[in-house]
Amino acid sequence: MVESAGRSAGNSIEVVPVEIVTKIFPARPSAVPGIREFVQGCLAGAPLAEAEEREVGNTILRALLTAAGPSGVLEVSCRKYPQRVEFDVLPSRDKEPSPPPAEPDASAASFAEWLAEALRSRGITKETAAEELGVSPKTMSRWLGGQTEPRLRDLRRIEDRFGDVRLH
33 MVESAGRSAG NSIEVVPVEI VTKIFPARPS AVPGIREFVQ GCLAGAPLAE
83 AEEREVGNTI LRALLTAAGP SGVLEVSCRK YPQRVEFDVL PSRDKEPSPP
133 PAEPDASAAS FAEWLAEALR SRGITKETAA EELGVSPKTM SRWLGGQTEP
183 RLRDLRRIED RFGDVRLH
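Right under this line is the structure:
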């Protein structure tokens, strides 16, 4: 009988099938719905209660904020084991998301509305907010108008200043 080094007779090795699915997303708030959809697809067959689904969404956003790197894209990897599913969210080494989004997502307007309300409720002008966040007033105007949205590394500063961002 041949044994592997470090294994004593009688020990067995279990081989478990694993399916790995990875997708690249832009590190932008508008990517959150697509990432949630990807994660929910990986969790198919394991239906979540509403509270669990909310927790998954919050965990995704926290992971995105943590992983937002200088590349501007994130890699979300799903490992499906027979009894569990694991996810990794990492800054991607790729330069472009793959595949690119088919059409613009409506969450950009939702972010713009949320940001406008955050400024209004605190009585802060867009110029003051831009200065506090370390961006130009033009950038702030574009965010407020829904023309562009912040990178996730900017979103961290926005959350630090204005609280949890609500993304759809």
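Numbering (the numbering used here), first residue to last: 33 to 200.
Beta carbons: idealized from backbone N, C-alpha and C, even for Gly.
Between the alpha carbons of residue 46 and residue 143 lies a gap of roughly 47 Å.
Residue 75 carries a coil assignment under DSSP once its states are collapsed to helix, strand and coil.
Per DSSP, residue 169 is one residue of the alpha helix (DSSP H) stretching across 169-176.
Using a Cβ-Cβ distance cut-off of 8 Å, the region 64-75 and the region 152-162 are not in contact, since fewer than three pairs of beta carbons, one from each stretch, lie closer than that value. Under the three-state reduction of DSSP, residue 65 is assigned to helix. Approximately 6 Å separates the beta-carbon atoms of residue 105 and residue 59; this is inside 8 Å, confirming the contact.
Out of 62, 61, 121 and 83, the CA that lies nearest to the CA of residue 55 is found in 121.
Sequence-distant partners of residue 71 (beyond 5 residues in either direction) whose C-beta falls short of 8 Å from its own C-beta, in its chain, are 88, 92, 108, 110 and 119. Under DSSP, the beta-bridge partners assigned to residue 118 are 111.
Looking from the CA of residue 75, the closest CA among 82, 53, 86 and 117 belongs to 117. Residue 53 sits in a strand when the DSSP states are folded into three classes.
A direct Cα-to-Cα measurement between residue 175 and residue 53 gives close to 32 Å.
One thing to note: residue 181 has its Cβ within 9 Å of the Cβ of residue 62. Residue nearest to residue 115 within the set 49, 83, 186 and 156 is 49 (criterion: CA-CA distance). With respect to the 9 Å criterion, residue 165 and residue 186 are classified as neighbours on the basis of their beta carbons. For residue 46, no alpha helix (DSSP H) segment is defined, and its DSSP state is neither H nor E.
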